[in-house]
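Position in the sequence shown (first residue = 1) + 8 = this note's numbering.
Note that the Cβ used here is the ideal one computed from N, Cα and C, for glycine as well.
Model, not experiment: these values are computed from the prediction.
Structure first, then comments.
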Amino acid sequence: MRILCLGDSIMQYNDWTSYPQTGWVQLLDRFFVPGTQILNFARNGRSTKSFISEGRFDQVLSQAQKGDFALIQFAHNDEKKNDPDRYASPEKGGEFRQNLTMFVKKLMEKGVKPLLLTPVTRRKFEGDVIVNSHGDYPEAIKETAGELNIPCMDLTKATMDYFEKAGEKGSRRFYMNFESGLYENFPEGKRDDSHLRPDGASVVSRLFVSCLLKEKDKWSDYKALTDGICFKGIYEDKEIDDEKLMW
């Protein structure tokens, strides 16, 4: 099974040079059976508009195969009204919805099964409550998915609920918000409440899988995807690697 990932820096693969920043789909394969391939096309700073204009969506189509699944998650950069190269309006009939619709239809023509995902929340607290910093974009995504009759995983709500429960202080460990001296790549620390650290990426991957399992009976065409999710106990007969445990 192959999963194509289209998105921005919240999804993007990060190597050692930007550690501990971690795109959430970097940990997604841990939630699926061995052999699942995650093809990550997400790139830092991209919106639906720039993903198209730079030819990145053409790259996705050139590698897409019948039977693939595609996760599509944008909004962080589509919101930037002061950047005409990236801004895409979420209004009905607006460019953001048009771009999402084009992604879905072109992928379906290739035999790919797409899913739309609302964006991961920013860590923006007002008192004890996380507020929606994505405006009308999550609703635009959900409405577009409904019009196209495809699944939509509401990761905005799921992550807002989860990180709000962790609290303003406790949620810091999930984001690139930390003091100096912890990481070699960021000796002076970081104050970034958008991008994720490994713990945050793991949480978002788990929340995505949980959302998917809740919806699995509604979407028979996506059965191969939900069947590929690992459940506790599947590999109970696997021998224990004592060396790995000790070292």
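Exercise. Write down the C-beta distance between PHE276 and LEU14 rounded to the nearest angstrom, noting that I regard them as a contact closer than 8 Å.
Key: Any property of residue 276 remains undetermined from this structure, which presents the chain solely from 9 to 255.
Quiz item: With a CB to CB cut of under 7 Å and the five nearest residues on each side skipped, what residues in its chain are close to ARG199?
Solution: ASN185
Quiz prompt | CA-to-CA distance, CYS219 to SER213, given in whole angstroms | solution = 10 Å
Self-check item: Integer Cβ distance of THR167 from THR129, believed to fall under 8 Å
Solution: 4 Å
Quiz item: Does DSSP classify ASP23 as helix, strand or coil?
Solution: coil
Exercise. For the segment 23-35 and the segment 86-102, state whether three or more C-beta atom pairs, one from each stretch, are separated by less than 8 Å.
Key: no
Self-check item: Closer than 6 Å: ASN85 CB and nearest the ligand COA heavy atom
Solution: The ligand COA is not among the ligands present in this structure, which contains no ligands whatsoever.
Quiz item: Straight-line CA distance for ASP16 to CYS160?
Solution: 18 Å
Self-check item: Three-state class that DSSP yields for LYS222 in the structure shown
Solution: helix
Self-check item: Distance between ARG205 and MET19 (C-alpha atoms, nearest Å)
Solution: 12 Å
Quiz prompt | Own chain, CB closer than 8 Å to ASN22, minus 5 neighbours either side, in chain order | solution = GLN29, THR30, GLY31 and GLN34
Quiz item: Roughly how many angstroms lie between the CA atoms of GLN81 and GLU196, to the nearest whole one?
Solution: 31 Å
Quiz item: Per DSSP, which one or two residues make a beta bridge with PRO122?
Solution: ALA78
Quiz item: How many angstroms separate the CA atom of LYS113 from the CA atom of ASN85?
Solution: 22 Å
Quiz item: Does the Cβ of LYS193 have 16 or more other Cβ atoms within 10 Å, making it buried, or fewer, making it exposed?
Solution: Inspection of the sequence shows that residue 193 is occupied by Asn rather than by Lys. Exposed.
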